[in-house]
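According to this note's numbering, the sequence shown is numbered sequentially starting from 1.
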Amino acid sequence: MSTDLTTTFTGIRLQNPFLLSSAPPTESESNILRAFEAGWGGVVTKTIGLHPVVNVKGAKTKFLRADADSYKLSMKKRPNSALHSSWNWELISDKPLDWWIGRLSRIKKAYPEHILVASIMAGSGNDKELNNWQTLTKACQDEGADAVELNFSCPHMDRVDMGSNVGKDKVLCSVVTQAVKEVARIPVWVKLTPSTTDIAQEAEASFRGGADAISSSNTYPSLPLIDADSLEFEMNVEGYVSPGGLGGPAILPQSLAKMAQMTSRFPDKEFSGIGGIATFEHALNYFLLGCGTAQVCTAAMLDQAIGPNVIRGLLDGMTAFLEKYADKGWNCLEDFRGLRRSRIVPHSQIKRPEQLEYHGGYEEEHEGYAVVSS
Ligand SMILES: Cc1cc2nc3c(=O)[nH]c(=O)nc-3n(C[C@H](O)[C@H](O)[C@H](O)COP(=O)(O)O)c2cc1C
Numbered sequence: 001m002s003t004d005l006t007t008t009f010t011g012i013r014l015q016n017p018f019l020l021s022s023a024p025p026t027e028s029e030s031n032i033l034r035a036f037e038a039g040w041g042g043v044v045t046k047t048i049g050l051h052p053v054v055n056v057k058g059a060k061t062k063f064l065r066a067d068a069d070s071y072k073l074s075m076k077k078r079p080n081s082a083l084h085s086s087w088n089w090e091l092i093s094d095k096p097l098d099w100w101i102g103r104l105s106r107i108k109k110a111y112p113e114h115i116l117v118a119s120i121m122a123g124s125g126n127d128k129e130l131n132n133w134q135t136l137t138k139a140c141q142d143e144g145a146d147a148v149e150l151n152f153s154c155p156h157m158d159r160v161d162m163g164s165n166v167g168k169d170k171v172l173c174s175v176v177t178q179a180v181k182e183v184a185r186i187p188v189w190v191k192l193t194p195s196t197t198d199i200a201q202e203a204e205a206s207f208r209g210g211a212d213a214i215s216s217s218n219t220y221p222s223l224p225l226i227d228a229d230s231l232e233f234e235m236n237v238e239g240y241v242s243p244g245g246l247g248g249p250a251i252l253p254q255s256l257a258k259m260a261q262m263t264s265r266f267p268d269k270e271f272s273g274i275g276g277i278a279t280f281e282h283a284l285n286y287f288l289l290g291c292g293t294a295q296v297c298t299a300a301m302l303d304q305a306i307g308p309n310v311i312r313g314l315l316d317g318m319t320a321f322l323e324k325y326a327d328k329g330w331n332c333l334e335d336f337r338g339l340r341r342s343r344i345v346p347h348s349q350i351k352r353p354e355q356l357e358y359h360g361g362y363e364e365e366h367e368g369y370a371v372v373s374s
């Protein structure tokens, strides 16, 4: 049986389930064209807003590395070290909607078989802002975008009614998604922040608003480390920092935990896995938890800006995986998607040694507690 890398997600047919996530790899027309040429099934554009943003002075992203033979962690480039994470405090696209108009349609015309998802963001403080979400949605779908992804997840916006502050508020998740759905003729993906206690609640609110899929995770709020020699943050502007977002290998296990909260609660809904993916083995975790697509940022940034080697590895890895399990009758993602979702259970349900009695964490008899009689 031949292997089939194609997949259908929110009704959209993709040549393969791998997309570049919304970030520097998808911030320009030339990058997106190169990404499609390299083989990515789709891209999510760098988040588009109505107004230009102004980024901080100096570097917007750096990479934290761990020494192979010690516990040293530092952003300093050095031999014998491996990538730990990316750290960034970059805002959304510094090009306004007008810049993207014309370019999106040109990209879509050049690569009609590749999937172009427009990431968008507006405020949430009043009706005017809800209209801005609708303006962005209509403009991107008129340009031929296959879907929109609502950014409810950037951890470091300079305005309090934007980004992860929307994703932390269940009412706003519903209200903004619903406003977008009123005008959307294309699927609506919602990218949630991982910075809440139970992300399944914000997912539920977004689904209630009409979301067709949830994407997660964006980066995790974090600080750069302080250099022990200079006593300065490794990344700063004139000595000052502000919390930014952690991505890359360090967030893979955390992001999987967030994803599992959602996929086990909503096994029939659609999810796009993001966070720490560089190889097929990483993406496989998300697929086995129930995700239908996987998105990549940090690994692609470090591989010629758009990840030609990363996508080659993902495609080769998936082909080899399907060949390896051909005898199980698996020839596409749908055949193994979600297979490990039911293996995540409450701690009290994990087996204890047989010789020890276990009562789910409670004493069998309530020793030490007074029995109250009426
Ligand atoms: C420099 C940088 C800029 C980013 N910009 C955006 C953005 O504009 N919109 C968005 O939804 N996510 C943005 N992200 C988050 C990524 O899309 C992705 O969710 C996150 O980096 C986790 O994936 P990774 O571990 O593969 O990097 C950005 C990430 C980085 C590192």
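Glycine residues also receive a C-beta, built at the ideal position from the N, C-alpha and C atoms.
Here's the rule I'm using: 16 or more other beta-carbon atoms within 10 Å means buried, otherwise exposed. How should Ala184 be labelled?
buried
Given Lys138, which residues of its chain have a CB within under 6 Å of its CB, disregarding the five upstream and five downstream residues?
Val183
Extent of the continuous beta strand (DSSP E) to which Gly247 belongs:
244-247
Let me make sure I understand the geometry here. Which of Ser70, Lys62, Pro24, Phe18 has the alpha-carbon closest to that of Gly317?
Phe18
Is DSSP giving Lys191 helix, strand or coil here?
strand
Candidates Arg265, Val237, Leu231, Tyr286: closest to Gln254 by CA position
Tyr286
Which of the three DSSP states is assigned to Thr196 in this structure?
coil
Excluding the 5 residues flanking Arg341 on each side, which residues of the same chain have their C-beta closer than 8 Å to its C-beta?
Ala260, Thr263, Ser264, Pro267, Leu288, Leu289, Gly290
DSSP on Leu64, reduced to helix/strand/coil?
strand
Straight-line gap, Pro353 to His359 (C-alpha atoms, nearest Å):
12 Å
Starting from the C-beta of Leu104, find all residues in its chain whose C-beta is less than 7 Å away, skip the five residues before and the five after it, and write them out in chain order.
Leu116, Ala118, Cys140, Glu143, Gly144, Ala145
Would you call Glu113 buried or exposed, if buried means 16 or more other Cβ atoms sit within 10 Å of its Cβ?
exposed
Can you tell me whether Val180 is buried or exposed? The criterion is at least 16 other CB atoms within 10 Å of its CB, across all chains shown.
buried
Complete alpha helix (DSSP H) runs within the region 235-320 (minimum length 4 residues, chain order)
252-265, 280-289, 298-301
For Pro221, does the three-state DSSP call read helix, strand or coil?
strand
For Thr196, the nearest candidate out of Phe152, Asp161, Trp189, Gln178 (CA to CA)
Phe152
For Gln295, does the count of other Cβ atoms within 10 angstroms reach 16, so buried, or fall short, so exposed?
buried
Comparing C-alpha positions only, which one of Gly210, Arg34, Lys108, Ser21 sits nearest to Gln304?
Arg34
On the three-state DSSP scale, how would you describe Ile92?
coil
Have a look at Lys168, Lys191, Lys72, Gly245 and flag the residue whose alpha-carbon is nearest the alpha-carbon of Pro155.
Gly245
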